[in-house]
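Visitor: Using my numbering, the first residue of the sequence shown is number 96, and each one after it goes up by one. Think of the CB as a built atom: it goes at the ideal place given N, C-alpha and C, for glycine as much as any other residue. Bear in mind the structure is a predicted one, so any value in this text is a computation, not a measurement.
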Amino acid sequence: MHDVVLTILPLLFGSFLAILAGWTRSALVYPLGAVALVMSTCFSVKLLLGVLSTGTATYLLGGWSPPWGIVFVIDAFSAGMLVLIAASALFTYLAFRTEILEGFAEKTAAFVSLLLLTVAGHMGIVATGDLFNLYVLIEVAALSGYALLGFGPGRAPLASLNYLCVGSVGASFYLLGVGYLYILTGTLNMADLAQIMAAAPVTASLHGAVAVILFGLWVKMALFPFHGWLPGAYAMSAPVSAALLAPLTTKVMVYVVIRLLIGVIPGAAMPEAVPDVAMLLGTAAIFAGSLMAFRQRDQRRMLAYILVAEVGYMIGGMFIGNRTAMTGAMLHIFADALMTLTLFLALGSIARQRGEMVLENMRGLFRTMPFTMSAFVLGAMSMIGVPPLFGFFSKWYLLSGAFESGQYLFMVGLLVSSLVNVVLFFRFFETAFFDEPGESVRDIEHWSRVTPLAVAAVLLIVAGLSSGLIVDRLIAGIIPASLI
96 MHDVVLTILP
106 LLFGSFLAIL
116 AGWTRSALVY
126 PLGAVALVMS
136 TCFSVKLLLG
146 VLSTGTATYL
156 LGGWSPPWGI
166 VFVIDAFSAG
176 MLVLIAASAL
186 FTYLAFRTEI
196 LEGFAEKTAA
206 FVSLLLLTVA
216 GHMGIVATGD
226 LFNLYVLIEV
236 AALSGYALLG
246 FGPGRAPLAS
256 LNYLCVGSVG
266 ASFYLLGVGY
276 LYILTGTLNM
286 ADLAQIMAAA
296 PVTASLHGAV
306 AVILFGLWVK
316 MALFPFHGWL
326 PGAYAMSAPV
336 SAALLAPLTT
346 KVMVYVVIRL
356 LIGVIPGAAM
366 PEAVPDVAML
376 LGTAAIFAGS
386 LMAFRQRDQR
396 RMLAYILVAE
406 VGYMIGGMFI
416 GNRTAMTGAM
426 LHIFADALMT
436 LTLFLALGSI
446 ARQRGEMVLE
456 NMRGLFRTMP
466 FTMSAFVLGA
476 MSMIGVPPLF
486 GFFSKWYLLS
496 GAFESGQYLF
506 MVGLLVSSLV
516 NVVLFFRFFE
526 TAFFDEPGES
536 VRDIEHWSRV
546 TPLAVAAVLL
556 IVAGLSSGLI
566 VDRLIAGIIP
576 ASLI
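#1: Straight-line CA distance for Ala306 to Gly272?
#2: Under 8 Å, with one C-beta from each stretch per pair, do the segment 451 to 465 and the segment 480 to 500 reach the 3-pair mark?
#3: Just to check my reading of the structure: Ala438 and Gly474 have Cβ atoms closer than 8 Å, yes? What is that Cβ distance to the nearest angstrom?
#4: Could you give the uninterrupted runs of the beta strand (DSSP E) lying entirely in the segment 313 to 398, keeping only those of 3 residues or more?
#5: May I have a chain-ordered list of the alpha helix (DSSP H) segments no shorter than 4 residues that lie completely inside the segment 130 to 202?
#6: Pick helix, strand or coil for Thr526, following the three-state DSSP scheme.
#7: What are the boundary residues of the alpha helix (DSSP H) that Ala441 is part of?
#8: Kindly indicate which three-state DSSP category Val481 falls into: helix, strand or coil?
#9: Kindly indicate which residue of Ala328, Thr282, Leu356 has the alpha-carbon position closest to the one of Leu309.
#10: Would you check if the distance between the CB atom of Ile410 and the CB atom of Gln502 is smaller than 8 Å?
#11: Which residue or residues does DSSP assign as beta-bridge partners of Asp225?
#12: Please name the residue, chosen from Asp225, Gly249, Leu243, Ala184, that lies closest to Leu580 on a Cα-to-Cα basis.
#13: Measure from the alpha carbon of Leu210 to the alpha carbon of each residue in Ala200, Ile195, Leu402, then state which is nearest.
#14: Report the partner residues of Val207 according to the DSSP bridge assignment.
#15: Return the residue from the list Pro482, Gln394, Ala404 that minimises the CA-CA distance to Phe521.
#16: In terms of residues, what are the limits of the alpha helix (DSSP H) holding Ser543?
#17: Where Leu325 and Ala266 are concerned, what is the direct C-alpha to C-alpha distance, given to the nearest angstrom?
#18: What is the rounded straight-line gap between the Cα of Leu514 and the Cα of Val403?
#19: Can you give me the Cβ contacts of Phe461 inside the same chain, cut-off strictly under 6 Å, excluding the 5 residues immediately before and after it?
#20: Arg392 and Ala330 look like a contact to me (Cβ under 8 Å); what is the Cβ gap, rounded to whole Å?
#21: Would Leu107 and Ala236 be called neighbours here (beta carbons separated by less than 8 Å)?
#22: Suppose you measure from the CA of Val335 to the CA of Pro162; what does that come to, to the nearest Å?
#23: Could you say which of Thr213, Met464, Gly362 lies nearest to Gly109 if we only look at CA atoms?
#24: Can you tell me which residues form a DSSP beta bridge with Val453?
#25: Is the number of C-beta pairs between the segment 162 to 178 and the segment 272 to 287 that are closer than 8 Å three or more?
#26: Measure the alpha-carbon distance for Phe227 versus Ile233 and round it to whole angstroms.
#27: Specify whether the segment 243 to 252 and the segment 342 to 356 touch according to this definition: at least 3 beta carbon pairs, one from each stretch, less than 8 Å apart.
#28: Residues in the same chain with beta-carbon distance under 6 Å from Gly377, minus the five sequence neighbours each way, listed in chain order, please.
#29: Could you check whether Gly219 and Leu569 sit closer than 8 Å to each other, using their CB atoms as the reference points?
#30: Around the C-beta of Trp313, are 16 or more other C-beta atoms found within 10 angstroms, so that it is buried, or is it exposed?
#31: Closer than 7 Å by C-beta to Ala293: which residues in its own chain qualify, once you throw out the five before and the five after it? Chain order, please.
#32: Which of the three DSSP states, helix, strand or coil, is assigned to His531?
#33: Go ahead and pull the three-state DSSP assignment for Thr463.
#34: If you measure between the beta carbons of Ser332 and Leu244, is that distance less than 8 Å?
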């Protein structure tokens, strides 16, 4: 069986078997999920190594050749994304074992099944080479994600409903644009589209189709001012749901836009106003996300607004229009996912012990949860952009690319955002380090939580020191030569 299929198939089988096990032997539900994620991660690593040694891998679904059939296309960049998605989900699943087994009572099987389906959907988005199949997979990932977020306590279902409404609007615009493109070109295969659009006359209809597709994807990725669903969804949901989706959802949507820009949409087909609008929204997202994060007391909501700013980083980087900035945007997908994973895993562990995630509840954490806080510090320092952590190198590419193109306001936004992050995280550190934890506090660090968290935190250092290798092997060969 083809390696591309083997990365996703265990997740689909695991999702189905988890439901069956829930009806018969519920004790098997969690192990089935773990096995599925381990297999998917291992096959993703194997696929990445194969792509690096032999080149792009393709798989014809059902044996039908494109443009009539659906094709999965995996190059070095997308193979790296598959590893990122599978490993991130595995770390989250292992770290939140107790919550998954105890927190959802009779719904554990449904939760595990939806979790695996969400991961499969995100991996399918990365792999597909067909625009309509991309829509289907976006909805598979989104619908199961809505349900996962709705599992949380209190107002989580309401936040999930808000996400569903906004996400449906974004998906509808994307599908409308794809329909326009199909009418104009007669194909949905990305490779065919690239050839046809490059030779086709530029018309208002073509510009409109491209603009509508991009608008739909901007809504799905929570680009400012379409970000309203994100803070509530990640702050009100169960910690395990937020830790799973926060590192993946927006980053995978950014991946889709980058893939369309560098592999499908020729420069002439891009409406002239779109890059300027994208730069404006990206810069506004950085300033607005940082400002709104500064006003939050709840630490998960604060992180959610930081993610709004991070989306602005990547959108700005990809639309600056030079090779350095595009490299920064692509590298920042990996960096932001790993930083977000580390921070949300740490906050999930803290929430288990302290409850409400307000700053006042963080007193004395360095004394009572030293391993968790050490990992949190690494994630925060990387988010700020401290060398040699991963976040520094992606920001450096973004700053360099902005400087080369004279995008000075975007540069100021990046620097201001980093300074705001310094203030946000250091007031957290001050409370956690200098304040007394209180006599009644008895925090416990379980190895099952600390181990995946520690691995994620160490990877921030390893990936930072390996940034040059990541750029050379996963990114440089994907960026078209027209970007200089």
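Guide: Reading from the atomic positions:
#1: Note on geometry: alpha-carbon atoms of Ala306 and Gly272 lie some 8 Å from one another.
#2: no
#3: Ala is not the amino acid found at residue 438; the sequence shown has Leu there. Right, their Cβ atoms sit about 4 Å apart.
#4: none
#5: 171 to 190, 192 to 197
#6: helix
#7: 418 to 449
#8: Coil, per DSSP.
#9: Leu356
#10: no
#11: Asn284
#12: Any answer about residue 580 is impossible in this case: the structure gives the chain only from 96 up to 579.
#13: Ile195
#14: Answer is none; Val207 lacks a bridge partner.
#15: Gln394
#16: 542 to 560
#17: When rounded, the distance between both Cα atoms is 16 Å.
#18: 16 Å
#19: Spatial neighbours of Phe461 in its own chain (CB-CB distance under 6 Å, excluding positions within 5 residues in sequence) are listed in chain order as Met468, Ala527, Phe528.
#20: Contact doesn't hold; Cβ gap of about 11 Å is too wide.
#21: no
#22: 39 Å
#23: Thr213
#24: For Val453, which the question treats as bridged, DSSP gives the partners Asp393.
#25: Between the segment 162 to 178 and the segment 272 to 287 there are three or more C-beta pairs closer than 8 Å, enough to call the two in contact.
#26: 10 Å
#27: no
#28: Gly407, Ile410, Gly411
#29: no
#30: buried
#31: Pro361
#32: With the sequence shown as reference, residue 531 is identified as Glu, and His is not the correct amino acid for it. Coil.
#33: helix
#34: yes
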